[in-house]
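Input: a single structure, listed below in structure tokens.
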Amino acid sequence: MNFDFTAEERARMEAIDGILAGWANPMDFETRSNIPAIRNRALQAVRSLQALPYVAVGSQAHLSRACLMACSQKVAAFSPSLHLTVDMGIRLPVGILQAVSADTASSECAGLLEGKRLAAVAFRESTMNVVNDPLTTRAHLDGTDWLIDGAKSWVVNAPISDVLLVAAAVEDGCGLFWVAADAPGVSIGQSLQALGFDGAAIAHMAFEGCRIPESNRIGVFDRRVLMNRLQDIENEILIASAIGLMKAAFEEARDHAKTHRSGGKPIIAYQEVGFKLSEMLTQLQTAELLAYRTAWSIENRVEDVESLLLCAKVFCAEAAENVTGAALQILSGKGYFGQSVSERAYRCAKYTQIAGTSTEIARVRIGDEALGYK
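Heads up: the sequence shown at position 251 corresponds to 251 in UniProt numbering, and the numbers run straight through without jumps.
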């Protein structure tokens, strides 16, 4: 088990640092602005990152999965909303297609990987849990076309997407379809105001007699297998998001502790502050190692990788809330009353616990696997 990065991978990571350093203030990506502005920011960022393998996945990236995890963390630390938009809009749909051995050389995938289009993955319905509940969105053949009817909830990128990757129940399983975001019969709601991820566009949507050609059907799969693969990839993205949030909050708190003075000395000189920073760093470093081990295990098809992925999801998501909360404690009024990095990260951290496989469901599944109840 080797998490060392090659010279090429380190160069790629440094290149991402250079790209991020050349962009505007990270807070510009975190403002609740109009939909065209969010879309333009996302596409410009994707085109910048497209020169690197960051937006590619799997064998297309020519980099280890651990390196992709590290790159993803860097983008999340810079801007949580940008990271959510890019990874959920490109890496998630392409990763799903790779996981089910579908065609990733299609024009839809090419447009995503070239930074010309954005996608939204429309799977969730009445709950955040996509594995246990049956799909109510249905698709049926009407001549040579498919008609889709139903509703989807909390769809990341829905208001800014060009194309939708939609799961719908069909007669013999779960169908996966490409649907143009502006296709007749598709209605997308207003962007939702969330606790965090202010610069992301998330909305509910509905399909009413949406007609698509047979060529847009990717395939029919076992619903539970497809949804598990979806959540595995989503969990990877959320693990990277959680670590990015921790890293950004820790660095802000550390720098503040070194420069802010109280009682005639920098507050880092107070033992309580030093202890808090050490606990934050311990959780951050542990989360990073667990994330890299998980990425390595996925790439090398280790037997217990599903349980390991869930362990990483639980630990990283909950550590993110702990670390960002501790950062706010150190920043005090500067963090609570101002638009600080830590305040933003704290609000985003909760999403990493409830999206993907929730920490509660993850714990149940970890226990089942430990007891042999797979």
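Yeah, the Cβ is synthetic: ideal placement off N, Cα and C, and Gly gets one too. Just so we're clear, the structure is a prediction, and the values are computed from it rather than from any experiment.
Under the criterion of beta carbons closer than 8 Å, Ile233 and Ile96 qualify as touching, at roughly 6 Å.
The Cβ atoms of Val155 and Met205 lie closer than 8 Å to each other. By a beta-carbon distance limit of 8 Å, Phe123 does not contact Ala77. Their separation comes to about 27 Å. Sorting Ile38, Thr357, Val131 by C-alpha distance to the C-alpha of Ser161 places Ile38 at the top. Among the bridge pairs identified by DSSP, Trp154 is matched with none.
Gly18: member of the alpha helix (DSSP H) spanning 7 to 21, first to last residue.
Taken through DSSP and simplified to helix, strand or coil, Lys116 comes out as coil.
The residues Ala257, Ile267, Ile330, in chain order, have a CB closer than 8 Å to that of Val273 in the same chain once the five nearest residues on each side in sequence are set aside.
Under DSSP, Met205 shares a beta bridge with Lys152, Ile188. The residue among Glu208, Ala119, Gln44 with its C-alpha nearest the C-alpha of His140 is Glu208.
At a Cβ-Cβ threshold of 8 Å, Ala242 and Thr352 count as neighbours. Sixteen is the threshold: when 16 or more other Cβ atoms of the shown chains lie within 10 Å of the Cβ of Asp198, as they do, the residue is buried. When Cys210, Lys74, Leu147 are compared, the shortest CA-CA separation from Arg10 is found for Lys74.
Annotation: the continuous alpha helix (DSSP H) that includes Ala77 extends over 65 to 78. Residue state for Arg217 is assigned as strand, using DSSP reduced to three classes.
Collapsing the DSSP output to three states places Gly325 in a helix.
Gly274 carries a helical assignment under DSSP once its states are collapsed to helix, strand and coil. When rounded, the separation of the alpha-carbon atoms in Gln98 and Asn322 is 34 Å.
By the criterion of a C-beta distance shorter than 7 Å, Tyr292 is surrounded in its chain by Phe3, Ala66, Met69, once the five residues flanking it on both sides are discounted.
Contact between Phe315 and Ala287 holds, since their C-beta atoms are separated by about 6 Å, short of 8 Å. Cβ-Cβ separation between Thr85 and Ala42: approximately 5 Å, consistent with a contact (criterion under 8 Å). Nearest C-alpha to Phe29 among Ile16, Gln44, Ile237, Ala15: Gln44. Where Val46 is concerned, there is no enclosing beta strand (DSSP E), although the alpha helix (DSSP H) around it starts and stops at 35 to 50. Beta-carbon to beta-carbon, Val131 and Cys109 are separated by about 25 Å, too far to satisfy the 8 Å threshold. Residue state for His83 is assigned as helix, using DSSP reduced to three classes. Taking Glu299 as reference, the option from Gly18, Asp17, Ser64 with the minimal CA-CA separation is Ser64. Judged by DSSP in its simplified three-state form, Pro26 adopts helix.
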